[in-house]
Amino acid sequence: MVLKFSNTLTRKKEEFKPIKQGFVDMYCCGPTVYNYAHIGNLRAYVFEDILRRVLEYNNYKVKHVINITDVGHLTSDADEGEDKMVKAIKREGLDFSKESMLKLAEKYTLAFKKNFKDLNIKEPNIWCKATEHIPEMIQLVERIIKNGYGYDTKTAIYYDISKFKNYGKLAKLNIEQLEAGARIEPDPEKHKPLDFSLWFKGVGKHSNDIMQWDSPWGMGFPGWHIECSAMSVKHLGEQFDIHCGGIDHIPVHHTNEIAQTEAATGKKWVNYWLHNDFLIMKEGKMAKSTGDFLTLEVLKEKGFEPIAYRYFCLGAHYKSQLTFSFEALEGAESSLKRLKENIINFKENKCSFSNKKLEENYKEKFLEQVNNDLNTPLALAAMWEVVKDRELGNDEKLNLLYDFDKVLGLGMERFEKEKIKVSTEIQQLLEKREEARKNKNWGEADKLRDEIKEKGYSIRDMPEGPIIERI
0 MVLKFSNTLT RKKEEFKPIK QGFVDMYCCG PTVYNYAHIG NLRAYVFEDI
50 LRRVLEYNNY KVKHVINITD VGHLTSDADE GEDKMVKAIK REGLDFSKES
100 MLKLAEKYTL AFKKNFKDLN IKEPNIWCKA TEHIPEMIQL VERIIKNGYG
150 YDTKTAIYYD ISKFKNYGKL AKLNIEQLEA GARIEPDPEK HKPLDFSLWF
200 KGVGKHSNDI MQWDSPWGMG FPGWHIECSA MSVKHLGEQF DIHCGGIDHI
250 PVHHTNEIAQ TEAATGKKWV NYWLHNDFLI MKEGKMAKST GDFLTLEVLK
300 EKGFEPIAYR YFCLGAHYKS QLTFSFEALE GAESSLKRLK ENIINFKENK
350 CSFSNKKLEE NYKEKFLEQV NNDLNTPLAL AAMWEVVKDR ELGNDEKLNL
400 LYDFDKVLGL GMERFEKEKI KVSTEIQQLL EKREEARKNK NWGEADKLRD
450 EIKEKGYSIR DMPEGPIIER I
């Protein structure tokens with residue numbers, strides 16, 4: 000079955016052909032760890048996890064790299080604005096030191112990795128921190144300058160976009176229009192308004208910045224884009240297969256990554272660019288800068304299990320905008336609950352009547368959907384067809400569902416009956432009801448069932464005893 004992806008670079012759905020047969024190298028832009036990731040951020044990593052799982056499902060050996068930006072960068076390429084990490088230190092009342100900066104970064108890095116665990120996202124083969132790759136960034140800037148694409152000013156090393164023939168090819172940018180509409184930049188030494196920083200010098204407004212490193216240009220720190228280029232080249236080489244990120248990265252960050260990396264190496268850098276669309280609230284896109292964002296912890300506090308959010312994300316194609324609401328999340332959790340109940344039932348009531356042709360048809364159908372640009376909504380539909388098919392035995396259903404879950408990542412093999420902890424009051428009502436049932440006092444038993452229901456629980460009477468569930 001042919002594997003196809005929508006390649007942002009060509010604007011076409013293309014058959015995937017790796018550089019090295021049987022192996023895939025993949026780089027994904029990671030977080031700047033100055034705050035908790037919001038659920039919009041996490042949608043990107045659910046998509047990238049599905050991508051990795053689909054590649055592995057197709058028997059590729061994947062080398063997956065994610066960066067951690069633990070040194071703040073400016074908020075834009077306008078060379079102004081406050082460092083995000085510095086803003087976080089002020090927000091949290093920490094002392095202004097490199098130690099505080101690194102401590103803050105570690106706090107949010109651990110929280111981010113906890114999100115991965117909660118969402119059953121596979122950790123990458125390599126987590127790479129920006130602060131541990133400063134020499135590689137400096138070396139890459141030196142190569143860019145040597146090849147004639149960078150120039151030195153009093154405040155920074157800039158990339159000259161006029162020297163790169165295909166600048167803006169990823170986003171299909173009209174450079175002349177953008178330059179005509181650009182406002183005056185604060186650095187008069189920039190050749191063009193769209194030239195971007197490769198390295199900032201620790202002078203002027205940056206003279207007191209705490210995160211600085213020695214370089215051939217004096218003390219300073221890396222620009223916004225150079226870290227991803229340097230770290231991906233170090234860990235994956237000068238040419239690799241797939242680069243991922245959100246659509247917001249296309250016009251600036253990924254555009255500049257391509258320009259600087261290909262200027263340094265003289266080679267085409269990445270073959271396939273995959274981008275996910277936004278998760279939005281009804282009011283608009285989620286953003287940390289406005290304080291209008293939800294974290295996974297908030298969802299957990301509201302009683303949702305994290306895997307319900309994963310299921311919610313799978314219900315839409317990664318390239319489509321996804322509108323979040325608690326009603327929609329409740330719908331996803333309800334579907335997940337039904338799936339759990341079915342799988343638990345299949346486990347407890349084992350039976351086998353094999354239909355090899357039907358099983359193969361389902362496998363082919365599922366593979367066709369996930370190989371068609373990661374079509375998770377139709378993959379979920381194929382999964383539900385298996386659940387409902389009466390021509391398959393429970394054993395065969397479980398085998399198929401567990402196989403599909405290698406891609407879906409819902410943790411089906413771990414599905415078990417929920418062990419509910421109830422209050423002493425509810426436990427006493429349950430015991431009274433059981434006593435009434437033993438005495439065949441059905442009226443009293445029904446009355447107690449209703450009382451328990453009013454308190455938010457339902458009861459299923461089973462041969463082995465009552466099962467209590469939250470309503």
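Per numbering that gives the first Met the number 0, the sequence shown starts with residue 0, numbered consecutively.
All C-beta atoms, glycine included, are put in the ideal place defined by N, C-alpha and C.
Quiz prompt | Coarse secondary structure for C514, derived from DSSP in three states | solution = No information on residue 514 is available, as it lies outside the stretch 0 to 470 that the chain covers here.
Practice problem: Starting from R459, follow its DSSP beta bridges and name the residues at the other end. | Solution: I466
Quiz item: Which same chain residues, not among the five before or five after L357, have their C-beta less than 7 angstroms away from its C-beta?
Solution: E390 and L391
Quiz item: Should G193 and L177 be called a contact, given that it needs their Cβ atoms to be closer than 9 angstroms?
Solution: Here the sequence assigns Leu to residue 193, which means Gly is not the residue at that position. Cβ atoms of L193 and L177: closer than 9 angstroms.
Exercise. Identify every residue that forms a DSSP beta bridge with S196.
Key: Y157
Quiz prompt | T68 (DSSP reduced to helix, strand or coil) | solution = strand
Quiz item: Since Y271 sits in a beta bridge, which residues does DSSP pair it with?
Solution: I241
Quiz item: For A110, which residues of its own chain have a beta-carbon under 7 angstroms away from its beta-carbon, when the five flanking residues on both sides are left out?
Solution: Y35
Quiz item: Among residues of its own chain, excluding the 5 on either side of A444, which ones have a beta-carbon nearer than 7 angstroms to its beta-carbon?
Solution: R432, A435 and R436
Quiz item: Going by C-alpha distance, which of W441, N374 and L235 is nearest R52?
Solution: N374
Quiz item: Leaving out five residues before and five after S75 in sequence, what residues of the same chain have Cβ atoms less than 7 angstroms from its Cβ?
Solution: Confidence in S75 is poor, its pLDDT being 47 and thus under 50, which makes the residue's placement unreliable; the coordinate value appears in the next sentence. There are no such residues.
Quiz item: To the nearest angstrom, how far is it from the Cα of L50 to the Cα of V406?
Solution: 8 angstroms
Quiz item: Alpha carbon to alpha carbon, what distance is there between I419 and I241?
Solution: 44 angstroms
Practice problem: Within the same chain, show all residues whose beta-carbon is closer than 6 angstroms to that of V369, passing over the 5 residues directly before and after it, in chain order. | Solution: V53, A378 and V406
Quiz item: Excluding five sequence neighbours on each side, which residues of the same chain lie with their C-beta closer than 7 angstroms to the C-beta of S228?
Solution: L139, E256, Q259 and T260
Practice problem: Measure from the alpha carbon of F199 to the alpha carbon of each residue in R10, L321 and V70, then state which is nearest. | Solution: V70
Quiz item: Where does C243 land, buried or exposed, given buried means 16+ other C-beta within 10 angstroms?
Solution: buried
Quiz item: Using a Cβ-Cβ cut-off of 8 angstroms (strictly less than) and excluding sequence neighbours within five positions of K162, which residues of its own chain qualify?
Solution: G147, Y148 and A262
Quiz item: For T31, which beta-bridge partners are listed by DSSP?
Solution: T68
Quiz item: What does a CB cutoff of less than 7 angstroms around R42 pick up in its chain, not counting 5 residues either side in sequence?
Solution: N275, L278, C312 and L321
Self-check item: Rounded separation between S324 and Y158 - CA only
Solution: 42 angstroms
Quiz prompt | Residues near N57 by beta carbon distance below 6 angstroms, same chain, minus five either side | solution = L2
Quiz prompt | I125 (DSSP reduced to helix, strand or coil) | solution = strand
Quiz prompt | Between the CA atoms of L397 and N344 - distance to the nearest angstrom | solution = 10 angstroms
Exercise. Over the uninterrupted alpha helix (DSSP H) stretch that includes N165, give me the two end residues.
Key: Run containing N165: none; DSSP gives neither H nor E here.
Quiz item: Mapping DSSP to helix, strand and coil, what is N360?
Solution: helix
Exercise. Using the DSSP secondary-structure output, state which residues sit across from V45 in a beta bridge.
Key: Note: V45 sits in no beta bridge, so no partner.
Exercise. Select from E55, R90 and W212 the residue whose C-alpha is nearest the C-alpha of E131.
Key: W212
Quiz item: Between the region 218-233 and the region 121-137, are three or more C-beta pairs nearer than 8 angstroms?
Solution: yes
Practice problem: Run the CB neighbour count on M0, radius 10 Å, all protein chains shown included, and call it buried at 16 or more, exposed below. | Solution: exposed
Exercise. Report the three-state DSSP secondary structure of E188 (helix, strand or coil).
Key: coil
Quiz item: Just to confirm, are V64 and Y26 a CB contact at a threshold of 9 angstroms?
Solution: yes
Practice problem: Rounded to whole angstroms, what's the CA-CA distance from R309 to G408? Just pull it up for me. | Solution: 9 angstroms
Practice problem: Return the CA-CA distance between K364 and S333, expressed in angstroms with no decimal places. | Solution: 25 angstroms
Quiz item: Based on the DSSP secondary-structure assignment, which residues constitute the bridge partners of N6?
Solution: K11
Quiz item: Apart from the five residues on each side of it in sequence, which residues of its chain come closer than 7 angstroms, Cβ to Cβ, to F303?
Solution: L328 and E332
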